[in-house]
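This report concerns only the one structure given below.
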Amino acid sequence: MKNPWEEIPLSDYENHMKLNSVMQLQAMNEMMKEQLDAYSISSVAILGIAGGNGLEHIQKSKFKKVYGIDVNADYLKEVVRRYPDLNGILECKCINLLDSAGKLPKADMVIANLLIEYIGYKCFQKVVKQVNPKYVSCIIQINTAENWVSNSPYLHVFDCLEQVHHQMDAHALENAMLEIGYHGIKTLENILPNGKKFVQIDFER
1109 MKNPWEEIPL SDYENHMKLN SVMQLQAMNE MMKEQLDAYS ISSVAILGIA
1159 GGNGLEHIQK SKFKKVYGID VNADYLKEVV RRYPDLNGIL ECKCINLLDS
1209 AGKLPKADMV IANLLIEYIG YKCFQKVVKQ VNPKYVSCII QINTAENWVS
1259 NSPYLHVFDC LEQVHHQMDA HALENAMLEI GYHGIKTLEN ILPNGKKFVQ
1309 IDFER
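Each residue of the sequence shown is one higher than the one before, starting from 1109 at the first, in our numbering.
Here it is, written out as structure tokens:
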């Protein structure tokens, strides 16, 4: 079965995410800067990289390798086009995490922002064990409103995601990570419009 994320145009996704009524692209960009700066690492695997939002915060003096992972090959082509200055550091890999987690490279850190919602806790455990990082930083979306996709002109572009979406719970994520030897070391919250919030949880092995 084709992953529904392969069907969603990047322009629709990003235009939805940056609307003033959504503000998720902007919030995630700010949070990703902190994620990239937080720990002493030289390699990172960014899972569900989409169009590369936040990659401008990569310090070339710090990172030897940045892996951009996504199921959508067109997204990855755009990442490479947008960030030519990361040539030699950035390596993009088209991988469907639901069935090909074994193809993931090793890295010091995993960043998984708005990703676990679409693969579930069990698959994420497999992913983390494969990459074998010291640190894992996740941003999950907590929905206090009924709809998990904010209302926008692009709303129905995301209808296909219903079949793979999982509602997130911070405690459930923490328990899943503990099962594979990672304990939480930091939690941050970012309040968004439309009764939603981002919760960032960082883990260390």
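Where a beta carbon is used, it is the ideal one built from N, C-alpha and C, also for glycine.
Length of the line joining the Cα atoms of Cys1202 and Ser1260:
Counting only the Cα atoms, Ser1260 lies some 29 Å from Cys1202.
Drop a sphere of 10 angstroms on the beta-carbon of Ile1299, count the other beta-carbons inside from all chains shown, and report buried for 16 or more, exposed for fewer.
Counting C-beta atoms within 10 angstroms of its own C-beta, Ile1299 has fewer than 16 neighbours from the protein chains shown and is therefore classed as exposed.
In angstroms with no decimal places, state the Cα-to-Cα distance between Asp1216 and Leu1263.
One C-alpha to the other measures close to 36 Å.
Using only the alpha-carbon positions, how far apart do Lys1172 and Val1152 sit?
Using only the alpha carbons, I get a separation of about 9 Å.
Look at the alpha carbon of Asn1251 and the alpha carbon of Pro1112, and state the distance between them as a whole number of angstroms.
Their Cα atoms are separated by approximately 21 Å.
Counted within 10 angstroms of its Cβ, other Cβ atoms place His1124 as buried (16 or more) or exposed:
It is buried - the Cβ of His1124 has at least 16 other Cβ atoms within 10 Å.
Looking only at DSSP bridge pairs, what is Ala1220 linked to?
For Ala1220, the beta-bridge partners assigned by DSSP are Leu1155 and Cys1246.
Tell me the residue span of the alpha helix (DSSP H) that contains His1291.
For His1291, no alpha helix (DSSP H) run applies; the uninterrupted beta strand (DSSP E) run containing it begins and ends at His1291 to Leu1300, by DSSP.
Whole angstroms is fine: what's the gap from Val1187's alpha carbon to Glu1115's?
Rounded to the nearest angstrom, the two C-alpha atoms are 17 Å apart.
Pull up the distance between the alpha-carbon of Ile1278 and that of Lys1304, whole angstroms please.
Here residue 1278 is Ala; the residue named in the question, Ile, does not match the sequence. Cα to Cα, Ala1278 sits roughly 14 Å from Lys1304.
N-terminal and C-terminal residue of the beta strand (DSSP E) that Glu1199 is part of:
For Glu1199, the enclosing beta strand (DSSP E) stretches over residues Leu1198 to Cys1202.
Under the DSSP definition of a beta bridge, which residues are partnered with Gln1308?
Per DSSP, the beta-bridge partners of Gln1308 are Ile1247 and Leu1296.
By how many angstroms is the C-alpha of Ala1220 removed from the C-alpha of Glu1287?
Note on geometry: alpha-carbon atoms of Glu1287 and Ala1220 lie some 18 Å from one another.
Cβ-based neighbour list, Ala1135, same chain, cut-off 8 Å, excluding 5 preceding and 5 following:
Closer than 8 Å at the Cβ level, and outside the excluded window around Ala1135, lie Asn1298, Leu1300 and Phe1306.
For Ile1149 and Gln1275, the rounded distance between their alpha carbons
Going from the Cα of Gln1275 to the Cα of Ile1149 covers about 31 Å.
Backbone secondary structure at Lys1185 - three-state DSSP:
Look at Lys1185 here: in three-state DSSP terms it is helix.
Helix, strand or coil at Gly1210 according to DSSP, with G and I counted as helix
Helix, per DSSP.
Taking Cβ to Cβ, would you say Val1174 is nearer than 7 Å to Ile1197?
Their beta carbons are under 7 Å apart, which means Val1174 touches Ile1197 by this criterion.
Would DSSP call Tyr1262 helix, strand or coil?
In the displayed model, Tyr1262 falls within coil according to three-state DSSP, outside both helix and strand.
Pick from Lys1214, Leu1163, Asp1207 and Ala1209: whose alpha carbon is nearest that of Leu1194?
It is Leu1163.
What is the DSSP secondary structure of Tyr1175, counted as helix, strand or coil?
Per DSSP, reduced to three states, the secondary structure at Tyr1175 is strand.
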